[in-house]
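Novice: Chains as they are written, first to last, in my numbering: chain P, 730 to 1072; chain H, 55 to 340. For glycine and all other residues, C-beta sits at the position ideal for the given N, C-alpha and C. Okay, here's the structure, questions in a sec.
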Amino acid sequence: MKRIACYAALTAVSLFPCLPALAQDYSGRTLVVGTWGGDIERLLREHVAGPLETKTGAKVEFLLGGSGDRMSKMVAERNNPTMDVTFQNIYEAPAALKEGLVVAPDAALVPTAANVWAGMNDGCYAMSLVGLGIAYSKALFPEAPEWADLWKAEFKGKMAYAPYPSSEGDGMLAVAARIAGVNEHDPDAAFAKLAELGAPVLSYSSLDEVFTLMDAGEIAAAPMISGYVLSNLGNYEGIGFVFPKDPGPVLVRDMVCQVANSPEPELAQMFIDLALSVETQTAYAKELNFGPTNSKVELTEEEAGRVINTPEEVASLLQLDWSYVIEQRSDWTDRWNKQILGQ
Amino acid sequence: MKQTPDIKPTATALLVAPAAILMFGVFVLPFLFLVVLSFWSQVPGSVGIVPGFTLANYARIIGDGYYLGGLWTTLWLSGLVTLLCLVLALPLARWIYAKRSKGLLIGLCILPLVCGALLPTLGLVNLLSPLGFINGALKSMGLIKTSLPLLGNIAGVSIGLVQAFLPLMILPLISTIERIPHDYEKAAMSLGATRLVVWRRVLLPLMLPGIVAGSLLVFCASLTAFVTPQILGQGKVVTFASLAYQQAAMVLDWPFASALGMVMLLFLALAGLLGALVSRGLGRRT
């Protein structure tokens, strides 16, 4: 009897650390998540925020905007953050970790992170895989173009770019460098080659703006991230999208990060765990054409054909030396303003 | 005659304190931080800041033709918008003043200010784009064959800024014109003055305080405008506010962005000083 009582006591003591988590009620508490608006926000509300609110009683509040705004916010609130989870891009995540703005990925805190393809949780947790390809006007390109085709004389001054700095701009510079026979470590050659395309028709602030003009043939092409374009192609018959082969598309990855010293670390970890789950990642692939990072996701052949979703496919993509690119950020922004936009 | 009772100094201090504390906390302190930050520097390739005194950010602005060009573009664009607003607002203010439905018309004038910058600007994109309403209408009438470039240039940005800031010119003009007795115009015309002469010799001199106030408001608002030049300029019209935004929010070089902001504030202060001097001169003359 004494032994049984002893076992019971030991069991109770060993379970004790788990009890608060099991019994924890998060009612009245709010998790703040910074992300992009539109379809991404919709999917996150549906597959992550909704179930989390039901499970915990907490409220999830979204802050919508660009990832640069969120980096600024993290820096400004370094000592007293108000945001718990933030979605950043491939080059911001390692920089944020280096600056101590986010918590390093850890499968002990976020169990589903163990299912993410090896090596992808760089700085933060890898959320989705996309590639930088070419969105093009079918009227001007009867056949899907390769990168080099953009340098044909008839397309000079007919490109559109996302505002710089951006993954699209850096990716395009890396492509230009390779067309010139070098890589992004030779920015003189990269900028000179990209400048040969002429000043862009516009630096677009929304996809509709650029797609409308491309559909009408006023813009020949634009380097764009696959997921967004593929999700919109149905609305524009005159626009195509291609992953070029020489060089291959540039790998871009969306990352989800737990903000360091945030008010709700446990809720943040639960949110990220749900974001990386098979269900959410499958929805991302099916509805947004964003490649899943969770290795357990199974897609049909047709769905898999539209996304980048295996380490083998990732290996075939052009990968930039992002830490070098980030170090050049200020200088390259000046050069982009002067040599590309200011022609 | 009933006299207003004197308010004790303690009561005055208590009444003023909430606003003063608020202004100090949300304006003065951040402003001082902005001044200090503009003399610090960013660690290259990092979001880290080196808190040591340097003039490098200001030297970069003065020594780089690109930033000086951006400053020059911003200044003359603001001057152009001010002039266009003045030319449009003078007859409009006079017309509104004479109408019975003055209140309604003033309300309509204020509408762009109430809407904020974003919605009207996005509406203008639809009007001015190569496939927009204006180009479409001109093409369907056979007046043009290729689209007029109304976006991504000074023309588009000016149209947007005039639309946004015209109320800032109209309101001071109406308030000035209301103080001019009707008889002045009639007296001048009875002595043989034409409408043009009435405008030139009677109305314009008497409206000068309103013109100065309106011009100052429109110039300063144009100098610091961000949303309209950013959207209608399509990245091809470089203004100081868009450069500061790019450095602050995208490059994350806050010290340099602060220096850009300080230069902008310097020109705002100069414009304010000029306006004050002109107003004082007008006051002495009258």
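In chain H, what lies closer than 9 Å to serine 991 of chain P by C-beta?
Specialist: Against the first sequence, residue 991 of chain P aligns to sequence position 262. Under a criterion of Cβ atoms nearer than 9 Å, no residue of chain H is adjacent to serine 991 of chain P; the nearest Cβ is some 18 Å distant.
Novice: Roughly how far, in whole angstroms, is the beta-carbon of phenylalanine 816 of chain P from the beta-carbon of glycine 763 of chain P, given that I think they are within contact range, below 8 Å?
Specialist: Taking the first sequence and counting its residues from 1, the one referred to as residue 816 of chain P is at position 87. Taking the first sequence and counting its residues from 1, the one referred to as residue 763 of chain P is at position 34. Confirmed, about 7 Å.
Novice: Three or more C-beta pairs under 8 Å: does that hold for the region 249-257 of chain H against the region 106-113 of chain H?
Specialist: no
Novice: Do the region 71-83 of chain H and the region 771-778 of chain P make contact, defined as three or more Cβ pairs closer than 8 Å?
Specialist: no
Novice: Quickly, what does DSSP pair aspartate 983 of chain P with across the bridge? List them, please.
Specialist: Sequence index remark: in the first sequence, residue 983 of chain P carries index 254 (1-based). Per DSSP, P:Asn818 and P:Ser857.
Novice: Leaving out five residues on either side along the sequence, give the residues of the same chain with a beta carbon under 8 Å from the beta carbon of glutamate 770 of chain P.
Specialist: Numbered from its first residue, the first sequence carries residue 770 of chain P at position 41. Hits under 8 Å: Thr764, Phe791 and Leu793.
Novice: Quick one: give me the first and last residue of the beta strand (DSSP E) that glycine 969 of chain P is part of.
Specialist: Looking up residue 969 of chain P in the first sequence gives position 240. First-last of the beta strand (DSSP E) with glycine 969 of chain P: 968-971.
Novice: Could you name the residues of chain P that leucine 185 of chain H contacts, counting a contact when the two beta carbons are closer than 8 Å?
Specialist: Residue 185 of chain H sits at position 131 when you count from the first residue of the second sequence. Correct list: Thr941, Leu942, Ala945 and Glu947.
Novice: From leucine 129 of chain H to leucine 277 of chain H, what does the alpha carbon distance come to, in whole angstroms?
Specialist: Residue 129 of chain H sits at position 75 when you count from the first residue of the second sequence. Residue 277 of chain H sits at position 223 when you count from the first residue of the second sequence. About 7 Å.
Novice: Between valine 981 of chain P and leucine 861 of chain P, which are expected to be in contact by the criterion C-beta below 8 Å, what is the C-beta distance as a whole number of angstroms?
Specialist: To locate residue 981 of chain P, count along the first sequence from 1; it is residue 252. To locate residue 861 of chain P, count along the first sequence from 1; it is residue 132. Sure, about 6 Å apart at Cβ, within 8 Å.
Novice: What did DSSP end up calling threonine 785 of chain P once you bin it into helix, strand or coil?
Specialist: For this step, residue 785 of chain P is matched to residue 56 along the first sequence. Under the three-state reduction of DSSP output, threonine 785 of chain P falls in the helix class.
Novice: Rounded to the nearest angstrom, what separates arginine 114 of chain H and leucine 314 of chain H at their Cα positions?
Specialist: Translated into the one-based positions of the second sequence, residue 114 of chain H becomes position 60. Translated into the one-based positions of the second sequence, residue 314 of chain H becomes position 260. Cα to Cα, arginine 114 of chain H sits roughly 10 Å from leucine 314 of chain H.
Novice: Are the region 802-818 of chain P and the region 778-785 of chain P touching, with three or more C-beta to C-beta distances below 8 Å?
Specialist: no
Novice: What number of angstroms, rounded off, separates the C-alpha of threonine 811 of chain P from the C-alpha of leucine 830 of chain P?
Specialist: Sequence index remark: in the first sequence, residue 811 of chain P carries index 82 (1-based). Sequence index remark: in the first sequence, residue 830 of chain P carries index 101 (1-based). About 12 Å.
Novice: On the three-pair Cβ rule with 8 Å, is the region 954-971 of chain P touching the region 858-872 of chain P?
Specialist: yes
Novice: Figure out for me which residue from P:Asp754, P:Thr759 and P:Asp1050 has the closest Cα to the Cα of alanine 906 of chain P.
Specialist: Numbered from its first residue, the first sequence carries residue 906 of chain P at position 177. Of the listed residues, the one whose Cα sits closest to alanine 906 of chain P is P:Asp1050.
Novice: Listing by chain order, which chain H residues have their CB less than 8 Å from the CB of aspartate 1063 of chain P?
Specialist: Stepping through the first sequence from its first residue, residue 1063 of chain P is reached at position 334. Under a criterion of Cβ atoms nearer than 8 Å, the residues of chain H adjacent to aspartate 1063 of chain P are, in order, Asp118 and Tyr120.
Novice: When the Cα atoms are used, what is the spatial distance from alanine 1074 of chain P to glutamate 1032 of chain P?
Specialist: With chain P covering 730 to 1072 only, the question about residue 1074 of chain P has no answer from this structure.
Novice: Does the beta-carbon of leucine 158 of chain H have 16 or more other beta-carbons within 10 angstroms, so that it is buried, or is it exposed?
Specialist: Here residue 158 of chain H refers to the residue found at position 104 of the second sequence. Flag for leucine 158 of chain H reads exposed.
Novice: Assign leucine 684 of chain P to one of three DSSP states: helix, strand, or coil.
Specialist: Any answer about residue 684 of chain P is impossible in this case: the structure gives chain P only from 730 up to 1072.
Novice: Residues of the region 210-237 of chain H in Cβ contact with chain P at a cutoff of 8 Å, in chain order, please.
Specialist: none
Novice: For alanine 750 of chain P, which residues of its own chain have a beta-carbon under 7 Å away from its beta-carbon, when the five flanking residues on both sides are left out?
Specialist: As a working mapping, residue 750 of chain P is identified with position 21 in the first sequence. At alanine 750 of chain P the pLDDT is 44, less than 50, meaning the model places this residue with poor confidence; the figure from the coordinates comes in the next sentence. The answer is none, since no qualifying residue turns up.
Novice: Am I right that leucine 222 of chain H and alanine 275 of chain H are in contact with their C-beta atoms under 8 Å? What's the rounded C-beta distance?
Specialist: The sequence position of residue 222 of chain H within the second sequence is 168, counting from 1. The sequence position of residue 275 of chain H within the second sequence is 221, counting from 1. Right, their Cβ atoms sit about 6 Å apart.
Novice: Using a Cβ-Cβ cut-off of less than 9 Å, give me the residues of the region 305-321 of chain H that come near chain P, in sequence order.
Specialist: Val305, Leu306, Asp307, Trp308 and Phe310
Novice: Since I believe proline 894 of chain P is in contact with valine 305 of chain H (beta carbons under 8 Å), could you give me their beta-carbon distance rounded to a whole number of angstroms?
Specialist: For this step, residue 305 of chain H is matched to residue 251 along the second sequence. For this step, residue 894 of chain P is matched to residue 165 along the first sequence. The Cβ separation is near 6 Å, so the contact holds.
Novice: Taking glycine 170 of chain H as the reference, give the member of H:Trp308, H:Val179 and H:Phe219 with the closest Cα.
Specialist: Mapped onto the second sequence, residue 170 of chain H falls at position 116. Taking only the C-alpha atoms, the option nearest glycine 170 of chain H is H:Phe219.
Novice: Going by the DSSP bridge assignment, what does serine 932 of chain P pair with across the sheet?
Specialist: Taking the first residue of the first sequence as 1, we reach residue 932 of chain P at position 203. For serine 932 of chain P, which the question treats as bridged, DSSP gives the partners P:Tyr890.
Novice: Per DSSP, which residues does proline 1021 of chain P bridge with? Please list them.
Specialist: Within the first sequence, the letter at position 292 stands for residue 1021 of chain P. DSSP links proline 1021 of chain P through a beta bridge to P:Ser857.
Novice: Within 8 Å (strictly less), CB to CB, does leucine 926 of chain P reach chain H?
Specialist: Taking the first residue of the first sequence as position 1, residue 926 of chain P is located at position 197. Output row for leucine 926 of chain P: interface = no.
Novice: Does the beta-carbon of alanine 752 of chain P have 16 or more other beta-carbons within 10 angstroms, so that it is buried, or is it exposed?
Specialist: Translated into positions along the first sequence, residue 752 of chain P becomes position 23. Low per-residue confidence applies at alanine 752 of chain P: pLDDT is 43, beneath 50, and the placement is therefore not dependable, though the value from the model is reported in the following sentence. It is exposed - the Cβ of alanine 752 of chain P has fewer than 16 other Cβ atoms within 10 Å.
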